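Take a look at the structure set out below.
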Amino acid sequence: MEATGTDEVEKIKSKFMSAWHNMKYSWVLKTKTYFSRNSPVFLLGKCYHFKTDESGELSTDGSNFDKINTEISGNVEEFRKDFISRIWLTYREEFPQIKGSALTTDCGWGCTLRTGQMLLAQGLMLHFLGRAWVWPDALDIDNSDSESWTAHTVKKLTASFEASLTAEREPKILSNHHQGTLKRNCDDNEMRNEVYHRKIISWFGDSPLAAFGLHQLIEYGKKSGKIAGDWYGPAVVAHILRKAVEEARDPELQGVTVYVAQDCTVYSSDVIDRQCSFMDSEKADTKAVIILVPVRLGGERTNTDYLEFVKGILSLEYCVGIIGGKPKQSYYFAGFQDDSLIYMDPHYCQSFVDVSIKDFPLESFHCPSPKKMSFKKMDPSCTIGFYCRTVQDFEKASEEITKMLKSSSKEKYPLFTFVKGHSRDYDFASSPLHEENDLFSEDEKKRLKRFSTEEFVLL
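Going by this note's numbering, the sequence shown opens with residue 756, and the numbers climb by one from there.
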């Protein structure tokens, strides 16, 4: 009886917290992000110029496109299309209950897991779609800056969608641009891209079966002493993502691996071993690798001397972003202009979307408007990500980044280093690629516990 009473209390507590978080995180503030016309904008390795003869600032929400000439407008449109095409993963509510808890939302605690998901999603987009890919319907989605979008609104849309499926009618939830997509005579390549677009998003669905969904990530986090509702720092999330990719069973994901730098050091031979480690011995190709490097950009505060290096990293096309934020909040950094970082914010509570449904709505997985933040406000703890398709790509990237590290170090130790050989050659414990009894080695557990005490505090 006592256990039953405790369960009821937990359920009531969970419902109360869900209601509070829904009120706190569901409203999108009516704020606009302005970009200078006279400075280039970088987004994950791509550069956009909004330069005009006039001085001033330019909003990217489309409100003043008519005030600028066609050439500049085209470039702004291309930037918006590129940004909106990135996968946006935010707080969700009313998803299936997380195992071992009464939680059906990650509001207030899951933002670093969400930014980690966004970084991994960008790596998978590079792998399956390439950096040049953009979502054809990107410019047709509603802008969240022009109207408030609450979780209740999304909930009604989702309910309408499910009801239309039950009635075996054409789903009314589909907006005009989505209907246009279905009616468009796509060539084979465009159809293939749309399949992968949806498949990548489905891997991050909020259900226990999704390979990189919140439920799975929390299960892997338990191995390092984390439970649902805890704060997850950027370094811990990096290791969780590595385990999630290792354990993924989808055949499409067998050609991708993740390497996490050890103590700010990337051991080249360990990376190459991962790229060449196929369980199927008949397969001759190497795996693509996503390299995650947990670093600190200073002590208590971010050291502004690192600004140029961070900008240099975000200027690389094989950069998949940075898991970071400001104190108490995690953001996914994807670009910059001048001394401001461009990011996607996971702190919006949206309703659960069942990604197992055919043609599930995509709008809530794409951010309609970028946000900017001064580099000075950035929390020093972060994880940097890179994608390399082949061993040759990795070797080229390591040379390029090493030069960048040396030029930006200013006689101080670089943020991280690339070292030839294996970690075991330097008397460090090497993590095996596959462990039968435990997902994390003892060395990893110690490292994760150390990281978890150094990073962000609970919001």
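The beta carbon of each residue, even a glycine, is placed where N, CA and C say it ideally should be.
Note that the structure is predicted; figures quoted are calculated from it, not measured.
Quick check on the burial criterion: 16 or more other C-beta atoms within 10 angstroms. Buried or exposed for residue i?
i       : result
Tyr1022 : buried
Gly1054 : exposed
Asp1094 : exposed
Pro1187 : Any answer about Pro1187 is weak, because its pLDDT of 39 lies below 50 and its placement is not dependable; what the coordinates show is given next. Pro1187 should be labelled exposed.
Tyr1181 : exposed
Cys802  : exposed
Ser856  : exposed
Glu1155 : exposed
Asp837  : buried
Glu848  : buried
Gly960  : buried
Pro926  : Annotation note: pLDDT 36 at Pro926 (below 50); position unreliable, coordinate value reported separately. Pro926 comes out buried.
Asn944  : exposed
Asp1134 : buried
Lys1132 : exposed
Met946  : exposed
Glu923  : The predicted model places Glu923 with a pLDDT of 35, which falls under 50 and marks its position as unreliable; any figure quoted below should be read in that light. The residue is exposed, with fewer than 16 neighbouring Cβ atoms inside 10 Å.
Lys981  : buried
Could you check the C-alpha separation between residue i and residue j for me, to the nearest Å?
i       : j       : result
Pro1101 : Arg869  : 6 angstroms
Gly871  : Gln1092 : 23 angstroms
Ser1032 : Gly865  : 32 angstroms
Val1110 : Lys1161 : 45 angstroms
Leu1062 : Leu881  : 25 angstroms
Phe1064 : Ile1139 : 11 angstroms
Tyr789  : Ser1024 : 44 angstroms
Asp892  : Thr1145 : 31 angstroms
Leu858  : Thr845  : 16 angstroms
Phe1173 : Glu1150 : 10 angstroms
Ile1068 : Gly878  : 15 angstroms
Ser1085 : Ser957  : 23 angstroms
Ala965  : Glu1002 : 12 angstroms
Glu832  : Lys1158 : 34 angstroms
Glu1191 : Leu1047 : Caution applies to Glu1191, whose pLDDT of 31 falls short of 50 and renders its modelled position unreliable; the value that the coordinates give is listed next. Spanning the two alpha carbons is a distance of roughly 23 angstroms.
Arg997  : Glu1007 : 16 angstroms
Lys1066 : Asp1114 : 37 angstroms
Ser1124 : Leu1096 : 14 angstroms
Thr1012 : Asp1005 : 13 angstroms
Lys1081 : Gly1010 : 34 angstroms
Lys1126 : Arg792  : 16 angstroms
Lys1175 : Leu894  : 45 angstroms
Gly1076 : Met1128 : 15 angstroms
Need the endpoints of the beta strand (DSSP E) that residue i sits in, please.
i       : result
Thr1012 : Val1011 to Val1015
Val1110 : Looking at the DSSP string, Val1110 is not in any beta strand (DSSP E), and its letter there is neither H nor E.
Val991  : Where Val991 is concerned, there is no enclosing beta strand (DSSP E), although the alpha helix (DSSP H) it sits in stretches over Pro989 to Glu1002.
Ser1119 : Counting along the chain, Ser1119 falls outside any beta strand (DSSP E), and DSSP gives it neither H nor E.
Met1099 : Ser1095 to Met1099
Leu798  : Val796 to Leu798
Arg1051 : Ala1043 to Arg1051
Ser1129 : Lys1126 to Ser1129
Mind checking whether residue i and residue j have CB atoms under 7 angstroms apart?
i       : j       : result
Ala983  : Ile853  : yes
Tyr1098 : Phe1088 : yes
Arg1056 : Ser1136 : no
Ile995  : Tyr975  : yes
Thr860  : Val992  : no
Gln1030 : Ala999  : no
Gly1090 : Phe797  : yes
Arg886  : Glu1118 : no
Cys1019 : Phe1141 : no
Asn948  : Trp888  : yes
Give the range of the alpha helix (DSSP H) segment to which residue i is assigned.
i       : result
Gly871  : Cys866 to Phe883
Leu969  : Leu969 to Gly976
Val1065 : Leu1062 to Leu1069
Met946  : Asp943 to Trp958
Ser1163 : Val1146 to Ser1163
Gln1030 : Ser1023 to Gln1030
Phe1091 : Element bounds for Phe1091: not the alpha helix (DSSP H) but the beta strand (DSSP E), Gln1084 to Gln1092.
With residue i and residue j assumed to form a contact (beta carbons below 8 angstroms), what rounded beta-carbon distance in angstroms separates them?
i       : j       : result
Tyr1027 : Leu875  : Strictly speaking, residue 1027 in this sequence is Ile, with Tyr absent from that position. Not confirmed; about 21 angstroms, so no contact.
Ile896  : Ile839  : 7 angstroms
Ser962  : Pro851  : 6 angstroms
Leu884  : Tyr987  : Not quite, the Cβ-Cβ distance comes to about 27 angstroms (not below 8 angstroms), so this is no contact.
Phe1130 : Thr1059 : 7 angstroms
Gly863  : Cys1074 : Wrong, their Cβ atoms sit about 29 angstroms apart, outside the cutoff.
Pro1049 : Ala1016 : 7 angstroms
Glu890  : His1121 : According to the sequence displayed, residue 890 carries Trp and not Glu. Contact holds; Cβ gap of about 7 angstroms.
Ala1043 : Cys1104 : Rounded, the Cβ-Cβ distance is 33 angstroms, inconsistent with contact.
Report whether the distance from the Cβ of residue i to the nearest heavy atom of the ligand ZN is below 6 angstroms.
i      : result
Leu884 : As far as ligands go, the structure on display features none, and thus does not contain the ligand ZN.
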